[in-house]
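Here the protein sequences come in this chain order: G and S.
Okay, so the first sequence: first residue is 1 according to our numbering, each after it adds one.
Okay, so the second sequence: first residue is 1001 according to our numbering, each after it adds one.
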Amino acid sequence: MSEGDQELRGLMVRYQGGSLEAFQEIYARLAPSVRRYLSHLANNSEIADDLLQETFFQMHRSRAAYNRAYAVRPWVFGLARNVFLMNRRAARQWAKLHESREELPELAVLPEADRLGSRDEIRRCIADLPPVQAEALLLRHEWGFSFEEIAGMVGITAAAARARASRGMADLRVALNNLQSAQAARSGSHGANKPADLSPARESVVRKLLKRARA
Amino acid sequence: MIEHSPKPPEALMRAIARDLRPVKPSPQPLRLALRMAPVALLVSSVILLAIGPRHDSALLGPVLTWGASAAQFALAIALVWIAAHEGMPAGRLPVRIVYFAAIAASLVVVFVALLTFSISPASEPLLRVPPWINEKLRTSPWIMGFGCGVGSTIAGGLLVLLFSRIFRNSLAARPTVAGALYGAGAGLAINAGWRVACPVSTPWHSLGAHGAAIVATVILGALIGRFLGNRRLHMGDALSWPR
């Protein structure tokens, strides 16, 4: 058990005892990463904002369901996943009921309106992966969960979680290689034009992911 | 869109500050399931205490009379344990285990019913009641079927209500499945007691009346789970999260 996890468990216990400060601390530590996870699941940042609040509200309503034996991060991520799935199911039912109303959005396929400009190659490649692979890959490599923790969140075996993540990584590697080849071909055809669409920060992310993908 | 600061938004803070009473952490799934076992055992034994064990229990032997019921009861507790896991955000069991348990439960009920019939094909409803009632039940066997079906559905329904009260704060992603699982657990637990008391072992009675009661408790559990899940889903609606 890591020190951070132990602290989070202690905070959860204090929160169950009625401490508002403990809740604020838990929120401060977990909300940013949970929001990114929800944003990945919903593929929409506005919906992710709503789901984030819904997740913490549900956590509050069912705070008694937490037991100190569980690690807090997977518990909250799992809860966020449940909240997303339940909302998506409800939205689908609602959409089915009102099929004739064209303005109803399909939550799962809405583009991330505020991120269109900065959507980079990695995100595109990950988005092109099968959703179950992308989710396992991100939970493992982006948020650092163990395969056992992923299995508990998703409802699969640890071996299946490992297989999904490694299949996702293999597919990502192929997609990134293809993308790099295409970029190299483009820059070759445009003379000395450097692929200037990569900012230093994005370049570093791409390098890191490529390194992981090639490992 | 809200600002992405790690500070909780006002609406959320208000909702949380409204109810900050201390709560008791819930036990882990196995302990939770085992805690329900005595109550389930009590409810499933009521019929046995009321009319006593079946008249052919000596012929069936202790393994098929009590052992088969004990196995069904253990399976019922296992189903409740799986339902408890289903309600844990980070503790879900693989879907394969859920399906396996549901299929195993169905097969055990059918297998025990057929085995009991093959060893003691009792079709006469011989109960420890006045002779005229036995005569009436003999001439109209549907009354016995109806009685067993309705009786075990009511007993199972009571257990489902108890389980759903305990699982009311469950955080299941599939609340209908979680409800169906504890409904199946309740139905199976009741059948474990009921089959030891019921004097009729014909397959149509065992599967038609007792089996139908299990199906009824599964449906009841699924409906309650769905209702609780929907209620949980719409709890946040009233707060209208600010963007």
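Cβ coordinates follow ideal geometry from the N, Cα and C atoms, glycine included.
All values derive from a computational prediction rather than experimental measurement.
Identify the contact partners of S/V1080 in chain G, using a Cβ-Cβ distance below 7 angstroms as the criterion. Under the 7 angstroms cutoff, chain G gives no residues; its nearest Cβ is about 16 angstroms from S/V1080.
For G/L79, which residues in chain S fall below 7 angstroms Cβ to Cβ? P1089 and L1171
Are the region 1193 to 1211 of chain S and the region 1102 to 1119 of chain S in contact at 8 angstroms, needing three or more beta carbon pairs? yes
Span separating the alpha-carbon of S/V1112 from that of S/L1064: 8 angstroms
So S/V1160 and S/G1193 are supposed to be a Cβ contact under 8 angstroms. How far apart are they, rounded? That belief does not hold up - the Cβ atoms of S/V1160 and S/G1193 are roughly 15 angstroms apart, past 8 angstroms.
Proximity of G/A69 and S/Q1028 at Cβ, strictly below 8 angstroms: yes
Spatial neighbours of S/I1224 within its chain, please: C-beta separation below 8 angstroms, excluding the five flanking residues on both sides. V1160, L1161, S1164, G1179 and G1183
In chain B, which residues lie less than 7 angstroms from S/S1044 when you measure between Cβ atoms? In summary, chain B is missing from the structure at hand, where the protein chains are G and S.
Could you give the distance in angstroms between the alpha-carbon of G/F57 and the alpha-carbon of S/D1056? 57 angstroms
So, does the region 1067 to 1081 of chain S touch the region 1146 to 1153 of chain S, judging by three or more C-beta pairs under 8 angstroms? no
For G/E149, return the contacting residues in chain S, with the cut-off set at a CB-CB distance below 8 angstroms. A1090
What does the alpha-carbon distance come out to for the pair S/M1088 and S/F1227? 18 angstroms
Can you pull the chain S residues whose beta carbon is under 7 angstroms from the beta carbon of G/W75, in chain order? P1089 and A1090
Outcome for G/G152 when other beta-carbon atoms lying within 10 angstroms are tallied against a minimum of 16: buried
So which residues of chain S does G/E90 contact, with C-beta pairs closer than 7 angstroms? Note on residue identity: the sequence assigns Ala, not Glu, to residue 90 of chain G. Per Cβ cutoff of 7 angstroms: L1233.
Thinking just about the alpha-carbon of each residue, which of S/M1013, S/Y1099 and S/L1032 is nearest to the one in S/L1181? S/Y1099
Is G/M86 closer than 8 angstroms to S/G1229 when the C-beta atoms are compared? yes
Extract the residue ranges of the alpha helix (DSSP H) inside the region 1173 to 1214 of chain S, only unbroken runs of 4 or more that lie entirely within it. 1175 to 1197
Thinking just about the alpha-carbon of each residue, which of G/T157, G/F147 and G/Y66 is nearest to the one in S/F1171? Phe is not the amino acid found at residue 1171 of chain S; the sequence shown has Leu there. Answer by Cα proximity: G/Y66.
Please name the residue in S/G1061, S/L1032 and S/K1007 whose C-alpha comes closest to that of G/R35. S/K1007
For chain S, find out if any of its Cβ atoms is closer than 8 angstroms to the Cβ of G/Q6; answer yes or no. no
Kindly indicate which three-state DSSP category G/Y27 falls into: helix, strand or coil? helix
Considering only C-alpha positions, which residue in the set S/W1081, S/H1205 and S/L1012 is nearest to G/E54? S/L1012
If you measure between the beta carbons of S/A1209 and S/G1145, is that distance less than 8 angstroms? yes
Closer than 7 angstroms by beta-carbon distance: list the chain G residues that pair up with S/L1012, in chain order. Q53, F56 and F57
Need the endpoints of the alpha helix (DSSP H) that S/K1136 sits in, please. P1131 to T1139
Work out the CA separation of S/L1075 and S/S1044 for me, nearest whole Å. 14 angstroms
Hey, out of S/H1205, S/A1040, S/A1058 and S/H1085, whose CA is closest to S/P1141's CA? S/H1205
Could you confirm whether any beta carbon from chain G is found closer than 8 angstroms to the beta carbon of S/P1027? yes
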